[in-house]
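Asks:
Residue numbers (UniProt numbering): 1 to 511.
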């Protein structure tokens with residue numbers, strides 16, 4: 001029961017493709033039936049329903065226990081063959097689509113965004129096979145408003161996740177928004193889905209300028225950049241108004257906390273502005289613009305500051321770690337691009353940088369390092385990001401941004417185990433609104449094991465999703481280990497790659 005509520009807090013509030021009350025009823029019946037206290041048959045609990053329940057539990061275990069969840073991997077492998085069978089047989093009801101979407105969520109939480117992207121493509125094609133992409137078909141053959149609302153929610157979820165996970169992999173989306181006529185904000189009541197469907201329309205306006213800058217071509221002009229930033233702010237304003245959004249800097253014990261999804265939208269708007277700004281620094285290394293530097297540092301400070309507050313005061317950072325990890329990686333990428341840009345300008349001229357430049361960069365570096373270090377044992381993407389950030393410490397010391405003492409502090413603090421305190425799950429917030437709770441990044445026993453690259457490889461071999469061993473296929477441990485992180489993990493390592501004639505970022509996408 002608790003794990004179903006964890007799933008609802010991590011995913012259900014954003015993408016309500018499952019009826020949580022129905023899942024709780026079915027789970028209660030299954031426990032009663034297995035204990036012999038009930039003999040009557042519940043006609044709603046068939047094989048599809050049990051598969052959905054198992055997927056929900058697996059996702060909840062990933063969200064709660066992190067991507068290195070042996071229990072989640074073992075549970076998934078116990079019913080994996082049945083899920084594969086559903087994918088290779090004709091679809092007969094909407095639950096086949098839901099099963100494919102849930103499997104995509106599972107792979108995403110297990111740090112396999114390419115598999116997630118593949119599964120959301122399959123989910124969309126199953127929906128098309130059943131005619132759910134057509135507004136006329138749905139009006140003709142779906143009899144009730146409740147069923148039509150369910151199809152609209154699923155259609156919006158497919159479109160949004162397809163955009164999101166294609167950005168995570170650097171691959172093209174499986175679908176265009178117009179492919180699903182039922183994917184309309186006006187047909188759903190969920191605020192997050194409404195906002196994200198509106199965002200898909202806005203994002204199309206500046207995906208191409210970002211891609212041009214990534215290829216080394218001229219970036220969008222200042223007027224275009226300001227127009228895009230204005231559109232993002234207006235989208236954020238419309239999405240968050242009437243939902244009691246309060247910036248985390250203004251939180252107090254007596255302040256009611258906003259729904260978690262509002263923070264996801266707020267941070268996404270900052271991330272998009274940062275990605276747009278990166279196009280300037282990438283395409284104009286010889287142009288000095290102090291205004292752009294100040295704006296960039298402000299965006300980085302806001303994003304990392306919000307993430308730090310979330311980690312210290314709530315459990316939502318951990319439960320929705322894949323979302324927030326992307327925002328942290330994006331902020332770090334912008335931060336170090338600004339450092340590279342300013343140092344290039346310092347070497348070629350003597351511009352006057354903001355007085356608090358070094359302090360701002362240093363404080364954000366330490367905050368990002370602390371966040372990634374705190375979760376590097378439990379989340380593969382945090383482990384990878386931590387490696388990248390810690391590698392930047394020495395260059396920042398040489399540039400005078402960090403003090404010399406940081407060199408010794410870094411060796412002492414990060415050569416051994418990272419301190420992490422697990423908050424008992426019964427003390428964490430399970431409601432749709434976040435409450436102030438102790439952080440899970442305090443101190444712990446130094447006897448805790450350190451997770452290394454080899455540990456992640458071993459975990460993939462033992463409990464990761466099973467893959468084909470056909471000749472020419474990559475072993476699972478190689479496909480998802482750190483050996484691929486430079487070329488195959490753009491979301492979690494949203495990082496500059498230096499190559500002549502320009503610095504290039506992977507996955508130049510607004511999602």
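For each residue, glycine too, the CB sits at the ideal point set by N, CA and C.
Identify, in the order they occur along the chain, each residue of the same chain with its Cβ nearer than 6 Å to the Cβ of residue 386, setting aside the five sequence neighbours on each side.
Replies: If we look at residue 386 and ignore the five residues flanking it on each side, its Cβ neighbours are 372, 373 and 376.
Asks: Whose C-beta lies closer than 7 Å to the C-beta of residue 430 among residues of the same chain, with five residues either side of it excluded?
Replies: With a pLDDT of 40 at residue 430, under the threshold of 50, the predicted position of this residue should be treated as unreliable, though the coordinate-derived value follows. So the qualifying residues of the chain are 5 and 9.
Asks: Can you tell me where the alpha helix (DSSP H) with residue 21 in it begins and where it stops?
Replies: 20-34 is the span of the alpha helix (DSSP H), which, as asked, contains residue 21.
Asks: Checking 7 Å against the spacing of the C-beta atoms, do residue 361 and residue 331 come in under that value?
Replies: No, the Cβ-Cβ distance between residue 361 and residue 331 is not below 7 Å.
Asks: Comparing C-alpha positions only, which one of 168, 86 and 153 sits nearest to residue 115?
Replies: It is 168.
Asks: Could you work out which residue in 294, 297 and 328 is closest to residue 309 when comparing CA atoms only?
Replies: The option with the nearest alpha carbon to residue 309 is 328.
Asks: Sort out for me which residues DSSP pairs residue 403 with in a bridge.
Replies: Note: residue 403 sits in no beta bridge, so no partner.
Asks: Between the Cα of residue 391 and the Cα atoms of 380, 366, 94 and 64, which residue gives the shortest distance?
Replies: That would be 366, whose Cα lies nearest to the Cα of residue 391.
Asks: Under a three-way DSSP split, which group does residue 113 fall into?
Replies: Note: residue 113 maps to helix in three-state DSSP.
Asks: Whole angstroms is fine: what's the gap from residue 446's alpha carbon to residue 71's?
Replies: Confidence at residue 446 is low in this model, with a pLDDT of 31, below 50, so its placement is unreliable and the value that follows should be read with caution. Distance between the alpha carbons of residue 446 and residue 71: 24 Å.
Asks: Do the CB positions of residue 296 and residue 334 come within less than 7 Å of each other?
Replies: In this structure, residue 334 lies closer than 7 Å to residue 296 by Cβ.
Asks: Evaluate contact between the segment 71-82 and the segment 118-130, counting only Cβ atoms and requiring at least three cross-stretch pairs below 8 Å.
Replies: No, the segment 71-82 does not touch the segment 118-130.
Asks: Span of the alpha helix (DSSP H) holding residue 166?
Replies: Its alpha helix (DSSP H) spans residues 145-169.
Asks: Is the distance from the Cβ of residue 202 to the Cβ of residue 235 below 7 Å?
Replies: Contact: yes.
Asks: Would you mind stating whether residue 194 and residue 185 have Cβ atoms separated by less than 7 Å?
Replies: Yes; because the gap between Cβ atoms is below 7 Å, this pair is in contact.
Asks: Could you work out which residue in 88, 381, 199 and 124 is closest to residue 228 when comparing CA atoms only?
Replies: Comparing Cα positions, the closest option is 199.
Asks: What residues in its chain sit with their C-beta under 6 Å from that of residue 20, if we drop five residues either side in the sequence?
Replies: Once the five neighbours on either side are set aside, the close Cβ partners of residue 20 are 8 and 12.
Asks: Comparing C-alpha positions only, which one of 45, 294 and 379 sits nearest to residue 29?
Replies: Of the candidates 45, 294 and 379, the one whose C-alpha sits nearest the C-alpha of residue 29 is 45.
Asks: Using the Cα positions of residue 190 and residue 14, report the straight-line distance between them to the nearest angstrom.
Replies: Roughly 8 Å between the two C-alpha positions.
Asks: Among all the DSSP beta bridges, which residues are the ones paired with residue 354?
Replies: Residue 354 is not bridged to any residue.
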